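Undergrad: I have a structure I would like to understand better, so I am pasting it below and will then ask my questions one at a time.
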Amino acid sequence: MFNDKKANLIVVAFKGTNPLDAGALITDIELELYEIEGHKKMEGRAHLGFMKALGLKKDLDWPKPEEITDVDYLSQHPAYYEIRERLRKQLLEDEEGKTKFIVTGHSLGGALAILFVGLLGYHEDTLLLEKMEGVYTFGQPRVGDDKFKDFMNSTIKKIRCEIFEVCLFQ
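For the record, in the sequence shown the residue sitting at position 69 is 69 according to my numbering, with numbers rising by one throughout.
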């Protein structure tokens, strides 16, 4: 995460797959889709490996931070909740409220960027969603099925944000 205070812009960048990191490669090839069911806000199926990389524990789902009563719970979901809280803190430090943020990533990082925004929509995090300027992904793999795509499109449409996917085919 980088905060350019002069430009009033925070960049949340997710790292792509390091080909020398066996754990990252396993995340990429874990092709099972995680069924998001019983939630009116978020439907469909998303790539389980990518969801786990953000901290999903199948049996615990994605509660809102204010619903968490177990102190140890946050240690079980480190990435999403930690990034969310750091971003929130930096945005609230701007007394004039001018600071915005973008989310970006390459490859695995692009997938995580999309899922991060999806979870903000799932949690209806108005503060963060209204401060988001855009999502820029590079070489991002598919992260979910058509229902998940529809959820993401409706989330982005509500907040008037743009998603830019950059792919190179030779």
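Glycine is no exception: its CB is placed at the ideal position from the N, C-alpha and C atoms.
Note that this is a predicted model, so its numbers are computed, not measured.
Got a sec? Which residues, its chain only, sit under 7 Å from Lys-98 by beta carbon, not counting five neighbours each side?
TA: Once the five neighbours on either side are set aside, the close Cβ partners of Lys-98 are Asn-8.
Undergrad: Assuming Ala-46 is part of the beta strand (DSSP E), what are its boundary residues?
TA: Segment 44-47, the beta strand (DSSP E) holding Ala-46.
Undergrad: Can you tell me the Cβ-Cβ gap for Gly-139 and Phe-14, rounded? I've got them flagged as a contact below 8 Å.
TA: Not a contact, Cβ separation roughly 12 Å.
Undergrad: Which one of Ala-46, Ser-154, Leu-115, Gln-90 has the shortest CA to CA distance from Phe-2?
TA: Ranking Ala-46, Ser-154, Leu-115, Gln-90 by Cα distance to Phe-2 puts Gln-90 first.
Undergrad: Rounded to the nearest angstrom, what separates Ala-46 and Asp-145 at their Cα positions?
TA: The alpha-carbon atoms of Ala-46 and Asp-145 are separated by roughly 7 Å.
Undergrad: Which two residues bound the contiguous alpha helix (DSSP H) that contains Asp-146?
TA: Unbroken alpha helix (DSSP H) run through Asp-146: 146-159.
Undergrad: Just to confirm the assignment: which complete beta strand (DSSP E) runs, minimum length 3, are found wholly within the segment 78-133?
TA: Those beta strand (DSSP E) runs which fall completely within the segment 78-133 and span 3+ residues are 100-106.
Undergrad: Evaluate Ser-107 with the Cβ neighbour count: other Cβ atoms within 10 Å of its Cβ, from every protein chain shown; 16 or more gives buried, anything less gives exposed.
TA: It is buried - the Cβ of Ser-107 has at least 16 other Cβ atoms within 10 Å.
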